[in-house]
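Student: Supplied in C-alpha cells, the structure appears directly below.
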Amino acid sequence: WVVSGNLNFWGEIVIIVTVGLWGSLSDRIGRRLVTAAGFVLIAAGIFMYGFARDIPGLLIGRVIYSAGIAAISTMLITLMADYVSNPSRGRATGYLGIMNGLGAMTAALFLLKLPAMFKSGGMDAEGAAFATYATMATVTLAIGVVMFFGLRGGRQAFHSRKTPMLRQLREGIAEGRRPIIALAYSASFVARGNLAVVGTFFTLWASVYGSSELGMTSAEAIKKGGGILAISYMASLLSAPLFGMMVDRMNRVSALAISLLVGATGYGSTYWLQDPFGLPAIASLVLIGMAEVGCIITSGVLIAEQAPDRLRGSVVGVFTLTGAIGILVASVVGGYLFDHWQQTGPFVFFGLISAAVLLWALLLRGRPAGSSAAMAATAGR
Numbered sequence: 023w024v025v026s027g028n029l030n031f032w033g034e035i036v037i038i039v040t041v042g043l044w045g046s047l048s049d050r051i052g053r054r055l056v057t058a059a060g061f062v063l064i065a066a067g068i069f070m071y072g073f074a075r076d077i078p079g080l081l082i083g084r085v086i087y088s089a090g091i092a093a094i095s096t097m098l099i100t101l102m103a104d105y106v107s108n109p110s111r112g113r114a115t116g117y118l119g120i121m122n123g124l125g126a127m128t129a130a131l132f133l134l135k136l137p138a139m140f141k142s143g144g145m146d147a148e149g150a151a152f153a154t155y156a157t158m159a160t161v162t163l164a165i166g167v168v169m170f171f172g173l174r175g176g177r178q179a180f181h182s183r184k185t186p187m188l189r190q191l192r193e194g195i196a197e198g199r200r201p202i203i204a205l206a207y208s209a210s211f212v213a214r215g216n217l218a219v220v221g222t223f224f225t226l227w228a229s230v231y232g233s234s235e236l237g238m239t240s241a242e243a244i245k246k247g248g249g250i251l252a253i254s255y256m257a258s259l260l261s262a263p264l265f266g267m268m269v270d271r272m273n274r275v276s277a278l279a280i281s282l283l284v285g286a287t288g289y290g291s292t293y294w295l296q297d298p299f300g301l302p303a304i305a306s307l308v309l310i311g312m313a314e315v316g317c318i319i320t321s322g323v324l325i326a327e328q329a330p331d332r333l334r335g336s337v338v339g340v341f342t343l344t345g346a347i348g349i350l351v352a353s354v355v356g357g358y359l360f361d362h363w364q365q366t367g368p369f370v371f372f373g374l375i376s377a378a379v380l381l382w383a384l385l386l387r388g389r390p391a392g393s394s395a396a397m398a399a400t401a402g403r
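In this text, residue positions in the sequence shown follow the working numbering: the first is 23, and each later residue adds one.
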C-alpha cells in the first residue's frame, strides 16, 4: 500500500506539472503531435513496468506514464471541442463517457486476466507479467500511430506560433477570472476528486466494515464491495448518454448544476450510513456514479464552449490541472477524515464541495455568460 500510494502521489504531481504545458504546446504545434506523443509515453511507461525490478524503476515508469496520461486527458476534451460543433458537444461527450466505461470494463474483463492466460500457456509469473505489460504497451502504441495518421493537422497552431508557451499557460490561468470558466475549473476539481473518493475510499470502507462488523476476511469484503462498485460504474455508463443529451438541450450551467445536485445528494447521504453493503449505500453509490459521469460531461462541454479558440488547449490544460488537484485533495483530506472522523468522511467532504459549487452555479445561471458569441448563444438557450 505504501509503495502504491507513493507511486500514485508522484504520478499526480507529474500530471499537475505537465497538463498545462501539454495544452499550451498543442496550441503551438497542433493536437495531432501532442496526442500521438501522449500515447507513445503511456506505452513507454507501461513497457518500463515490465522491466522494473525495484522502486526507482517503478517510479520512472510511473512518471513517464503519467506524463502521457496528462497529454491524453487534455487532448480528449480539446479534440472534442475542435471536431464537434457546439450544439452536438454534449452528445459527443456522452459517447466519450460510454467509451471510457467500456474501456474500464475491458480492463476488468480482459486485461486483468492476461497474466493468468500467459501462465496457463507455460510462462512463469515473471514472464507472464512482462508479456502482459508488453501486450498493453503494443496496443497503446498502435493507438498512438492511428491517432498520428488519423487526426488532421492543426489549424489552431497558426494563432500562437509566436507566443511563448509559458505566456499561453499564464493566459489560460488568467481566463479563470471569467466567472463561468472559473466555474468549469471548479467543476473539474469536483469531477476528478469524485473518482478518487469512490475508487479509493469505498473499497477501504467495505474492507474495514466487513472485517470488523461481519467477520469477513479483507479479501472477501473487498470482493463484495467490488460488486457494489460495479453497480455504481454501470450507473455511470448508462447515464452518460442521458447527460450528453441533456447538456445539448438546455443551458449548460443549468445542466452542470443538475449533475452537482445529484452528487451533493449522493455523497451527502452517506453521512447517515454505516453499512456499505446495504440498500441505502447502493442507492447512494448509484447517485454518485451518475454524478461522476454527469459532472465530467457537463463541465467538459462547458469548458469546450467557453474557451477562446486561440487558447483552447491552454484553457483545457488548466481545466485538467484543477482536476488533478482535486484528486490530490481527495486523497489527502479524504484519508485524514477516514482515519480521524468517520469512514464516510471523504464522501461527506465532497458532498459539501459539490453543494458549494452548486450554489455558485445557481448564482451564475441568471447572469450573462460573457461577450463571446458562443457564450451569448448559450445564455439565450
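Quick reminder that beta carbons are idealized off the backbone N, C-alpha and C, glycines included.
(1) Near Y71, what residues of its chain come up, given a Cβ to Cβ distance below 6 Å and the 5 sequence neighbours on each side ignored?
(2) Which runs of the alpha helix (DSSP H) fall wholly inside the stretch 197-278 and span at least 4 residues, in chain order?
(3) Starting from the C-beta of A179, find all residues in its chain whose C-beta is less than 8 Å away, skip the five residues before and the five after it, and write them out in chain order.
(4) Count the other C-beta atoms from every protein chain shown that fall within 10 angstroms of the C-beta of I77, then say buried if there are 16 or more, exposed otherwise.
(5) Excluding five sequence neighbours on each side, which residues of the same chain lie with their C-beta closer than 8 Å to the C-beta of L295?
(6) For the candidate residues S88, T239 and G67, whose alpha-carbon lies nearest to that of T157?
(7) Taking the CB atoms as reference points, tell me whether A93 and L118 lie closer together than 8 Å.
(8) If the criterion is Cβ atoms closer than 8 Å, does the pair S208 and V41 meet it?
(9) Three-state secondary structure (DSSP) at L81?
(10) Name the two residues that bound the continuous alpha helix (DSSP H) containing S306.
(11) So, at 6 Å on beta carbons, what are the nonlocal neighbours of V106 in its own chain, with the 5 sequence-adjacent residues on each side left out?
(12) Determine the closest residue to A479 out of M127, S233, G112 and S210, with distance taken between C-alpha atoms.
(13) Taking the alpha-carbon positions, what's the E34 to T344 distance?
(14) Note down, in chain order, each residue of its chain lying with its Cβ closer than 6 Å to the Cβ of V275, except the 5 sequence neighbours on either side.
(15) Excluding five sequence neighbours on each side, which residues of the same chain lie with their C-beta closer than 6 Å to the C-beta of S229?
(16) Would the stretch 351-360 and the stretch 140-147 be scored as touching if the rule is three or more Cβ pairs under 8 Å?
(17) Who are the Cβ neighbours of V39 in its own chain at under 7 Å, not counting the five residues just before and after it?
(18) Taking Cβ positions, are L80 and A74 nearer each other than 8 Å?
(19) Under 8 Å by Cβ, that's how I've got D297 and Y231 pegged, so tell me the actual separation to the nearest angstrom.
(20) Using beta-carbon positions only, say whether M268 and A277 come within less than 8 Å of one another.
(21) Looking at the structure shown, is S107 part of a helix, part of a strand, or coil, going by DSSP?
(22) Is DSSP giving P137 helix, strand or coil here?
(23) Assuming A126 and P137 make a contact with CB atoms under 8 Å, what is their CB distance in whole Å?
(24) Rounding to the nearest angstrom, what Cα-Cα distance links R174 and P330 in this structure?
(25) Just mark E235 as buried or exposed, buried being the case when its beta carbon has 16 or more other beta carbons within 10 Å.
(26) May I ask which residues mark the beginning and end of the alpha helix (DSSP H) holding D361?
(27) For a test of the three-state rule: what should DSSP assign to M397, helix, strand or coil?
(28) Decide if G300 is buried, meaning its Cβ has at least 16 other Cβ atoms within 10 Å, or exposed.
(29) Determine the extent of the alpha helix (DSSP H) in which P368 is found, giving its start and end residues.
(30) On the CB-based measure, 16 or more other CB atoms within 10 Å of its CB, does E193 come out buried or exposed?
(31) Is the Cβ-Cβ distance between G285 and N216 less than 8 Å?
(32) Got a sec? Which residues, its chain only, sit under 6 Å from G290 by beta carbon, not counting five neighbours each side?
(33) Just to confirm, is the Cβ distance from I375 to V212 under 8 Å?
(34) Please classify S182 as buried or exposed, where buried requires at least 16 neighbouring CB atoms within 10 angstroms.
(35) Would you give the residue range spanned by the alpha helix (DSSP H) that M145 belongs to?
(36) Straight-line CA distance for I318 to S281?
Tutor: On the basis of the coordinates in this document:
(1) Taken in chain order, the residues that qualify are G83 and Y155.
(2) Qualifying alpha helix (DSSP H) stretches, in chain order: 201-218, 225-235 and 240-271.
(3) Note on A179: pLDDT 45, under 50, position unreliable in the model; no value is reported.
(4) Exposed, by the Cβ-count rule.
(5) So the qualifying residues of the chain are P302, A303, S306 and T366.
(6) When each option's Cα is compared against that of T157, the closest is G67.
(7) In terms of Cβ geometry, A93 and L118 do not form a close pair [threshold 8 Å].
(8) For S208 and V41, no; Cβs fall outside 8 Å.
(9) In the three-state reduction of the DSSP assignment, L81 falls in the helix class.
(10) S306 -> alpha helix (DSSP H) spans L301 to Q328.
(11) Taken in chain order, the residues that qualify are A114.
(12) Past the edges of the chain, shown from 23 to 403, lies residue 479, and the structure says nothing about it.
(13) Looking at the two C-alpha atoms, the distance is approximately 11 Å.
(14) Result list for V275: A383, L386 and R387, in chain order.
(15) Taken in chain order, the residues that qualify are S240, A243 and I244.
(16) Cβ pair count under 8 Å is below three, so no.
(17) A distance below 7 Å between beta-carbons, with the five flanking residues on each side excluded, links V39 to no residue of its chain.
(18) Yes, the Cβ-Cβ distance between L80 and A74 is below 8 Å.
(19) Their Cβ separation, rounded to whole angstroms, is 7 Å, which keeps D297 and Y231 in contact under 8 Å.
(20) Yes.
(21) Correct three-state label for S107: coil.
(22) It is helical.
(23) About 18 Å; that fails the 8 Å criterion.
(24) Looking at the two C-alpha atoms, the distance is approximately 20 Å.
(25) It is exposed - the Cβ of E235 has fewer than 16 other Cβ atoms within 10 Å.
(26) Where D361 is concerned, the enclosing alpha helix (DSSP H) stretches over R334 to H362.
(27) With a pLDDT of 41 at M397, under the threshold of 50, the modelled position of this residue cannot be trusted; read the value that follows with caution. Three-state DSSP puts M397 in a helix.
(28) Counting Cβ neighbours within 10 Å, G300 comes out exposed, since fewer than 16 surround it.
(29) Segment G367 to R387, the alpha helix (DSSP H) holding P368.
(30) E193 is buried by the Cβ-count criterion.
(31) In contact: G285 and N216 (Cβ atoms closer than 8 Å).
(32) G373.
(33) With a cutoff of 8 Å on beta-carbon distance, I375 and V212 are scored as near each other.
(34) With a pLDDT of only 46 at S182, under 50, the local geometry of the prediction cannot be trusted, and the value read off the model is given with reservation. When all chains shown are included, S182 counts as buried.
(35) Counting along the chain, M145 falls outside any alpha helix (DSSP H), and DSSP gives it neither H nor E.
(36) Answer to the nearest angstrom: the Cα atoms are 9 Å apart.
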